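*Asks:* Respectively, the protein sequence lines represent chains H and E. Heads up: take any position in the first sequence, counting from 1, add 4, and you land on the numbering used here. Heads up: take any position in the second sequence, counting from 1, add 439, and you land on the numbering used here. Cβ coordinates follow ideal geometry from the N, Cα and C atoms, glycine included. Every value quoted in this text rests on a predicted model; they were computed, and no experiment measured them.
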Amino acid sequence: MKKQPPLTLLSSSTMSRRRFITGAAASSTVLGFGLHSSLSFADPLADSKVKRMPPQVLRGNRFDLNIGYQAVNITGKDSLATTVNGSLPAPTLRWKEGDTVTIKVTNNLSHDSSIHWHGMILPTHMDGVPGLSFAGIKPGESYEYQFTVNQSGTYWYHSHSGFQEQTGIYGAIVIEPKEPDPVAYDRDHVVLLSDWTDEIPENIYAKLKKMSHYYNRRERTTGDLWRDIKEKGVGNTWNERRMWNQMRMSETDISDVTGETYTYLMNGMTPEDGWKALFRNGEKVRLRIINASAMTIFDVRIPGLKMTVVASDGQNIEPVSVDEFRIGVAETYDVIVEPDSDSAYTIFAQSIGRTGFTRGVLTADASLEAAIPAMDYAPTLGHQDMGMSMAGMDHSAMKMPMGGMDHSAMKMPMEGMDHSAMKMPMEGMDHSTMGKNLNNSASNLGKAGYGTNVGVVHAKTEFGPHVDMRVELMQNGITDPGVGLRDHQQRYGRKVLTYADIRNLTPTIDTREPEREIQLHLTGNMGRYMWSMNGISFADAKPLALKYGERVRIVLVNDTMMTHPIHLHGVWSELETGEPNYIPRKHTIMVQPGSSVSYLVTADAMGKWAYHCHLLFHMPGMMREVWIS
Amino acid sequence: MIDLPKKWLTSGLFSIALIFTSHGVLAGAKDDPLLFMLNIDKFEVRDGDDDSYALEADAWLGYDLNKLRLKVEVERVKGTNENAELQLLYSRAIAPFWDLQLGVRHDIDPQPEQSWAVLGVQGISPYFFDIDAALFIGKSGRSAFRFEAEYEQMLTQRLVLIPEIELNFHGQTDLSRNIGSGLASSELSLRLVYQVRREFSPYVGVTWEAKHGRSKRIAESNGEETDNVQFVVGFQAWF
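1) Going along the chain, which residues of its own chain have a beta-carbon closer than 6 Å to the beta-carbon of residue 108 of chain H, five neighbours each way excluded?
2) The alpha helix (DSSP H) that contains residue 249 of chain H, what's its start and end?
3) Using C-beta distances below 6 Å, list every residue in its chain close to residue 488 of chain H, excluding the 5 sequence neighbours before and after it, in chain order.
4) Out of H:162, H:233, H:491, state which residue places its alpha-carbon closest to the alpha-carbon of residue 131 of chain H.
5) Nearest to residue 460 of chain H by CA position, among H:509, H:526, H:508, H:573, is which residue?
6) Going straight from the alpha carbon of residue 591 of chain E to that of residue 260 of chain H, what length do you get?
7) Which class does residue 214 of chain H belong to by DSSP, given the choice of helix, strand or coil?
8) Can you look up residue 594 of chain H in the DSSP assignment and give me helix, strand or coil?
9) Check the Cβ of residue 63 of chain H against every Cβ in chain E and list those closer than 9 Å, keeping chain order.
10) Can you have a look at residue 153 of chain H and say buried or exposed, based on whether 16 or more other CB atoms are within 10 angstroms of its CB?
11) What three-state label does DSSP hand residue 656 of chain E in the structure shown?
12) Compare the Cα-Cα distances from residue 205 of chain H to each of H:619, H:626, H:627 and report the closest residue.
13) Mark residue 196 of chain H as exposed unless 16 or more other C-beta atoms lie within 10 angstroms of its C-beta, in which case mark it buried.
14) Our contact map puts residue 174 of chain H next to residue 75 of chain H with C-beta atoms below 8 Å; I'd like the distance itself, whole angstroms only.
15) For residue 600 of chain E, list the residues DSSP reports as bridge partners.
16) Grab me the residues of residue 610 of chain H's own chain with a C-beta within less than 8 Å of its C-beta, minus the 5 sequence neighbours each way, in chain order.
17) In the DSSP assignment, find the unbroken alpha helix (DSSP H) run with residue 495 of chain H in it and report its ends.
18) Closer than 6 Å by C-beta to residue 409 of chain H: which residues in its own chain qualify, once you throw out the five before and the five after it? Chain order, please.
19) Against chain E, with Cβ distances strictly below 8 Å, would residue 470 of chain H count as a contact?
20) Look at the alpha carbon of residue 308 of chain H and the alpha carbon of residue 370 of chain H, and state the distance between them as a whole number of angstroms.
21) Any chance the region 515–522 of chain H sits against the region 477–495 of chain H, with 3 or more Cβ pairs inside 8 Å?
22) Roughly how many whole angstroms lie between the Cα atoms of residue 648 of chain E and residue 166 of chain H?
23) Mark residue 143 of chain H as exposed unless 16 or more other C-beta atoms lie within 10 angstroms of its C-beta, in which case mark it buried.
24) Just checking: is the beta-carbon of residue 469 of chain E within a distance shorter than 8 Å of some beta-carbon in chain H?
25) Who are the neighbours of residue 231 of chain H on chain E, taking C-beta pairs under 8 Å?
26) For residue 615 of chain E, count the other beta carbons within 10 Å of its own beta carbon; 16 or more makes it buried, fewer makes it exposed. Which is it?
27) In the DSSP assignment, find the unbroken beta strand (DSSP E) run with residue 302 of chain H in it and report its ends.
28) Measuring CA to CA, which of H:207, H:151, H:302, H:330 is closest to residue 506 of chain H?
29) Hey, could you find the ends of the beta strand (DSSP E) residue 470 of chain H is sitting in?
30) Under 8 Å Cβ to Cβ from residue 180 of chain H, same chain only, skipping five residues before and after it: list those, please.
31) For residue 219 of chain H, which three-state DSSP category applies?
32) Please report the Cβ distance between residue 690 of chain E and residue 548 of chain E, rounded to the nearest whole angstrom; I am assuming they are in contact, meaning their Cβ atoms lie under 8 Å.
33) Sort H:111, H:113, H:563 by Cα distance to residue 476 of chain H and report the nearest one.
34) Taking residue 3 of chain H as the reference, which of H:116, H:176, H:115, H:320 has the closest Cα?
35) Output the distance between the C-alpha atoms of residue 201 of chain H and residue 583 of chain E, rounded to the nearest integer angstrom.
36) Taking C-beta pairs closer than 8 Å, name the residues in chain E that residue 218 of chain H reaches, listed in chain order.
What follows is the structure in structure tokens.
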């Protein structure tokens, strides 16, 4: 059972907007660590000069959140952020399961704003998505959110307007369970990861449209070519690069926006600041890790400590002990660690492309520092990330037996290894008849929990100048740790979490078989920087209609070479990891390049919901409305 | 001559102004915003002569798949324009890596001025060659074809070697402009570019221009040079 030291309780209504009272600071006053318990500032510019602090904690069931501009200095340059209550990240909100919370959000920006409660199951008009849930909050106006908290765990909240997530409107939500917590811990810390840039996000987006590799400073050079030729010979080098050369894509294209412009933050603090998470001797510490980045997928580890993952996206899971895990944008993981009080540990979060990292220090003694590890090697994409089956691919790992498809047509590109034949492998096939399979309602669907048995089917709308790649063979997106992590077990002896390791702690609630299956493809044109689903961008797409009460399977096929974290609002995404009785419930699911994942959805929430890639610059195009009626 | 561009230019400039005034906005995630790009591909002094230079630039205004595109090429040798042309094109994406371009080209130099209709394709071929190929149809059935290809070899993350080839073909002999039919001229060049930042890259390079076939013989009979190697210093820039 948890026994936390008493924390100074703060009521949000008594807080001045620019008072920074932090959970860590407040508790450290009690513990006598001597940090400043409060700071207040006269003008916003002065704020930027002070040492950064983790966000304040707000408790209770009434909250006032004020969205406004805030001068900050994160990189050494004065810059302007958009924040909640002047704080970056926004205040951590601590709720209690069963409470009805009322949150008055006032928008002091000169543009529309909004707050979305990410992962919360609530009525549609409380979901905070402009254009779907409500009209957004106009400049100078307020919106009162009110809903009953029917869940517990770690979540977060952020603006769902424009690119305001990039400029600072994001914060943590921690909900205490009504029933005794099945997770035993003595102390918890929110570890909120984010990416900061002094650039205006609209400019980043424009740059990517003009030069999609703008932020990639890991391009193939003559030196790499020479090294490859020396190691592998001219022939092998040529063959290896042939696919990339013919597809006109880059195997070093891991992230669109990188450490070239980003400073990665932990609880709003830079790696130089080194946020400190304190504990007392012998305590079990629960770290609530939230990826609130705009564009950055992180790999997290704490050298010297095993992490026991106890919750995923707020939901309790069967504890699993790991050394490292990947956290997609918008995902949350709760881990339990048992640190020694005479050591200091680094909480290390490196970006998926290894272009930067952020870190914090987990220590019982605030004066201690921990060694900062070097980042791991920079990964490159392989053929399997392009959805192409090559030598060395484990066919048995493929769960998808390619149901009604013509196997002979599929085998052709696999056997010949002739990459040139792979450019348009589907050309000979009749797409008009195949399109019918997209919404499969046959009775021979794969069993709940095990995923689809329908093969990859490309819609007609996926063909054209707006889509530059289509997978021909879905890889298993459940068992694969992902690009850059696949060899960490052999190379570093680290056990890396995969989705296959995640089992819900409590039995599956809705045990029905899916009534139908929807296959959705994540599509795009990297070079033109266009993103879409099934080749149709949000602006041109019809809403996806779900029948109230139905149990449906969604199969996501990633026809791009990027990892997309996909977030479905309003209802749980129950990830099919091969365990039908303990299906984990998630709100955001990473779909790896060239891979497929499937999940079950119980459409038990009436209304209009957003469904999109949570990479901020993919979201405008790679989005759908889901109408449950 | 060309009246259309005026109207387009006015609305274009208005849109550009809109884009610039919207800088600093912290909201408004539009999937396919109207964007403007100015790309100076080459701006260089040739042979150290400050009155011999070349400019190759291209600007576009538009969306992901449809753009209005302006291309400018000027080549000035010892104070006189050897070549000065403008192209105003509608560019439409027709394949993942290819744009179809339709529009007009106007040559201010060499004199006398002349106009062409343009049908071109621009894009990236397999193995990452930047290709720009265009067919030009002029008055009284005159025709020309231009093919340009370049490749960026990254020596380091910032040092780039760019070989480029340009071939010009003409359908008819045009003695007033000293052009013969067939392959008329070619230009091979090699530039070593240093990316100070993505948007600005100074370079040094060498170009070899040559006349061929009938054009070469016309030049010879006029007592002009038929090929020419020049050292160049310049920069690339875009925003």
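*Replies:* Quick answer:
1) As a working mapping, residue 108 of chain H is identified with position 104 in the first sequence. Closer than 6 Å at the Cβ level, and outside the excluded window around residue 108 of chain H, lie 68, 146, 148.
2) Translated into the one-based positions of the first sequence, residue 249 of chain H becomes position 245. Element bounds for residue 249 of chain H: 226–251.
3) Your numbering for residue 488 of chain H matches position 484 in the first sequence. Contacts found: 383.
4) Position 127 of the first sequence, counted from the start, is the residue given in the question as residue 131 of chain H. The residue with the shortest Cα to Cα distance from residue 131 of chain H is H:162.
5) As a working note, residue 460 of chain H is residue 456 in the first sequence. It is H:526.
6) Stepping through the second sequence from its first residue, residue 591 of chain E is reached at position 152. Stepping through the first sequence from its first residue, residue 260 of chain H is reached at position 256. Approximately 20 Å between the Cα atoms of the pair.
7) Residue 214 of chain H sits at position 210 when you count from the first residue of the first sequence. It is helical.
8) Position 590 of the first sequence, counting from 1, holds the residue named residue 594 of chain H. Three-state DSSP puts residue 594 of chain H in a strand.
9) Taking the first residue of the first sequence as 1, we reach residue 63 of chain H at position 59. Close to residue 63 of chain H, with beta-carbon spacing below 9 Å, lies no residue of chain E; the smallest spacing is near 29 Å.
10) For the purposes of this step, residue 153 of chain H is identified with residue 149 of the first sequence, where counting begins at 1. By the neighbour-count rule (16 or more Cβ atoms within 10 Å), residue 153 of chain H is buried.
11) If you number the second sequence from 1, residue 656 of chain E lands on position 217. Note: residue 656 of chain E maps to helix in three-state DSSP.
12) The residue you call residue 205 of chain H lines up with position 201 of the first sequence. When each option's Cα is compared against that of residue 205 of chain H, the closest is H:619.
13) The sequence position of residue 196 of chain H within the first sequence is 192, counting from 1. Buried.
14) The count along the first sequence starts at 1 and reaches residue 174 of chain H at position 170. The count along the first sequence starts at 1 and reaches residue 75 of chain H at position 71. About 18 Å; that fails the 8 Å criterion.
15) Position 161 of the second sequence holds residue 600 of chain E. In DSSP, residue 600 of chain E forms a bridge with E:592, E:631.
16) Start at 1 with the first residue of the first sequence, and residue 610 of chain H comes out as number 606. Counting only residues of its own chain and dropping the five nearest sequence neighbours on each side, residue 610 of chain H has a CB closer than 8 Å to the CB of 128, 552, 632, 633.
17) On the first sequence, residue 495 of chain H is found 491 positions in, with the first residue counted as 1. Residues 492–496.
18) One-based indexing of the first sequence puts residue 409 of chain H at position 405. Unreliable placement is indicated for residue 409 of chain H, whose pLDDT of 36 sits below 50; the coordinate value is still reported in the next sentence. Cβ neighbours of residue 409 of chain H beyond the five flanking positions: 459.
19) In the first sequence, residue 470 of chain H corresponds to position 466, counting from 1. Closer than 8 Å to the CB of residue 470 of chain H there is at least one CB belonging to chain E.
20) Sequence index remark: in the first sequence, residue 308 of chain H carries index 304 (1-based). Sequence index remark: in the first sequence, residue 370 of chain H carries index 366 (1-based). Those two C-alpha atoms are separated by around 18 Å.
21) no
22) Within the second sequence, the letter at position 209 stands for residue 648 of chain E. Within the first sequence, the letter at position 162 stands for residue 166 of chain H. Spanning the two alpha carbons is a distance of roughly 50 Å.
23) Stepping through the first sequence from its first residue, residue 143 of chain H is reached at position 139. With fewer than 16 other Cβ atoms within 10 Å, it is exposed.
24) Along the second sequence, one-based indexing puts residue 469 of chain E at 30. Closer than 8 Å: yes.
25) Working through the first sequence from its first residue, we reach residue 231 of chain H at position 227. What residue 231 of chain H touches in chain E: nothing, since even the nearest Cβ is about 13 Å away.
26) As a working mapping, residue 615 of chain E is identified with position 176 in the second sequence. Exposed.
27) Counted from its first residue, the first sequence places residue 302 of chain H at position 298. Segment 302–305, the beta strand (DSSP E) holding residue 302 of chain H.
28) Here residue 506 of chain H corresponds to residue number 502 of the first sequence, with the count starting at 1. That would be H:330, whose Cα lies nearest to the Cα of residue 506 of chain H.
29) Position 466 of the first sequence holds residue 470 of chain H. In the DSSP assignment, residue 470 of chain H falls outside any beta strand (DSSP E), carrying neither H nor E.
30) Within the first sequence, residue 180 of chain H is the residue found at index 176, counting from 1. Here the set comprises 98, 99, 100, 101, 156.
31) Walking along the first sequence from the start, residue 219 of chain H turns up at place 215. Correct three-state label for residue 219 of chain H: coil.
32) The structure shown does not extend to residue 690 of chain E, since chain E spans only 440 to 678, so no value can be given for it.
33) What you label residue 476 of chain H is simply residue 472 of the first sequence in a count that begins at 1. Comparing Cα positions, the closest option is H:563.
34) An answer regarding residue 3 of chain H cannot be provided, because it is not within the stretch 5 to 633 covered by chain H.
35) Reading the first sequence from its first residue, position 197 is the one you call residue 201 of chain H. Reading the second sequence from its first residue, position 144 is the one you call residue 583 of chain E. The alpha-carbon atoms of residue 201 of chain H and residue 583 of chain E are separated by roughly 48 Å.
36) Counted from its first residue, the first sequence places residue 218 of chain H at position 214. 637, listed in chain order.
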